[in-house]
């Protein structure tokens, strides 16, 4: 069974202000390693050695960093975007590198989590679902909505009041924050949108409309940090300094 990892690292880093102008988010140093290295350590632990990274902003810095470190022993393919294609479009563009995998794990490049990949792989195989979404209980404006069978049935945005519910989920739904970590089977590519630039959330909902199973795996007991702003980055550094 072949498992590949895709790291989403094309983001502009605008929320980071001055830091983001010169440093790609995945190369931010936390706890003595870059965010990228923390993700690769988890990949190695799970026996994954093939990685795809989508790039756009400061792409050369990412490829140079990996070249200087001999790719940390991984086989790495880059999918460079110009213009930037968002999370869904980025995965669609990288399909040529991912087609031969049985399972693809996706991990946002600007987050840190101590949740390992092997339990996600095991869950995905056990549930035999199209997508396995790592979620947590978090007071968040945006959330994924699931029905009583643990299948994705919508999306909501508390601050804007927007909500998309698929099918007859009704009142028996549960909301979770999305971690930006998930696994999918190659059939997921069948649900990509026709346009080039789109969010992966739209692909999730597209698949759910076709009665595909997109299950949640709750990882609320694990540590998870978004390093996308200077304040959040500092919180993560403080957390890791105590480990």
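Residue numbers (my numbering): 34 to 276.
All residues carry an ideal CB built from backbone N, CA and C; glycine is no exception.
Coarse secondary structure for residue i, derived from DSSP in three states
i           : result
residue 107 : coil
residue 255 : coil
residue 242 : helix
residue 47  : helix
residue 274 : helix
residue 236 : helix
residue 80  : coil
residue 11  : What the structure shows of the chain is the stretch from 34 to 276, and residue 11 is not part of that stretch, so it cannot be assessed.
residue 221 : helix
residue 265 : helix
residue 181 : coil
residue 74  : helix
residue 54  : helix
residue 250 : strand
residue 60  : helix
residue 41  : strand
Minimum C-alpha distance to residue i - residue among the options
i           : options            : result
residue 200 : 242, 230, 178      : 242
residue 129 : 63, 80, 255, 113   : 113
residue 310 : 95, 159, 125, 148  : This structure cannot settle anything about residue 310, because the visible part of the chain is limited to 34 through 276.
residue 93  : 59, 71, 125        : 59
residue 259 : 171, 184, 132      : 171
residue 119 : 45, 210, 211, 252  : 45
residue 121 : 206, 238, 194      : 238
residue 211 : 205, 234, 192      : 234
residue 169 : 163, 178, 162      : 178
residue 48  : 263, 159, 273      : 263
residue 159 : 250, 38, 52        : 250
residue 180 : 106, 207, 194      : 207
residue 205 : 187, 192, 194      : 187
residue 277 : 182, 175, 209, 97  : Look at the range of the chain in this structure, 34 to 276, and you will see that residue 277 is not part of it.
residue 67  : 132, 34, 42, 50    : 42
residue 110 : 116, 96, 117       : 96
residue 126 : 174, 231, 175, 51  : 231
residue 85  : 50, 117, 115, 132  : 132
residue 50  : 271, 266, 191, 270 : 266
Buried versus exposed, by CB contacts within 10 Å (16 or more), residue i
i           : result
residue 54  : exposed
residue 165 : buried
residue 87  : buried
residue 248 : buried
residue 184 : buried
residue 57  : buried
residue 141 : buried
residue 62  : exposed
residue 108 : exposed
residue 101 : exposed
residue 274 : exposed
residue 143 : buried
residue 281 : The requested residue 281 does not occur in the structure, where the chain is confined to residues 34 to 276.
residue 70  : buried
residue 39  : buried
residue 213 : buried
residue 176 : buried
C-beta neighbour in chain B for residue i, strict 8 Å
i          : result
residue 96 : Here there is only one protein chain, and chain B is not present.
Near the ligand PLP: residue i beta-carbon under 7 Å from a heavy atom
i          : result
residue 95 : Looking for the ligand PLP in the displayed structure turns up nothing, as the structure carries no ligands at all.
Whole beta strand (DSSP E) runs in the segment 86 to 173 with 3 or more residues, listed along the chain? 108 to 113, 136 to 141, 144 to 146, 164 to 169
Contact between the segment 213 to 232 and the segment 188 to 200 is defined here as three or more beta-carbon pairs at a separation below 8 Å; is this criterion met? Under the Cβ criterion (8 Å, minimum of three pairs), the segment 213 to 232 does not count as touching the segment 188 to 200.
Between the segment 148 to 158 and the segment 78 to 85, do at least 3 Cβ pairs fall closer than 8 Å? Enough Cβ pairs lie closer than 8 Å, so yes.
Flag this pair as touching only if the segment 130 to 139 and the segment 208 to 217 have three or more C-beta atom pairs under 8 Å; answer yes or no. yes
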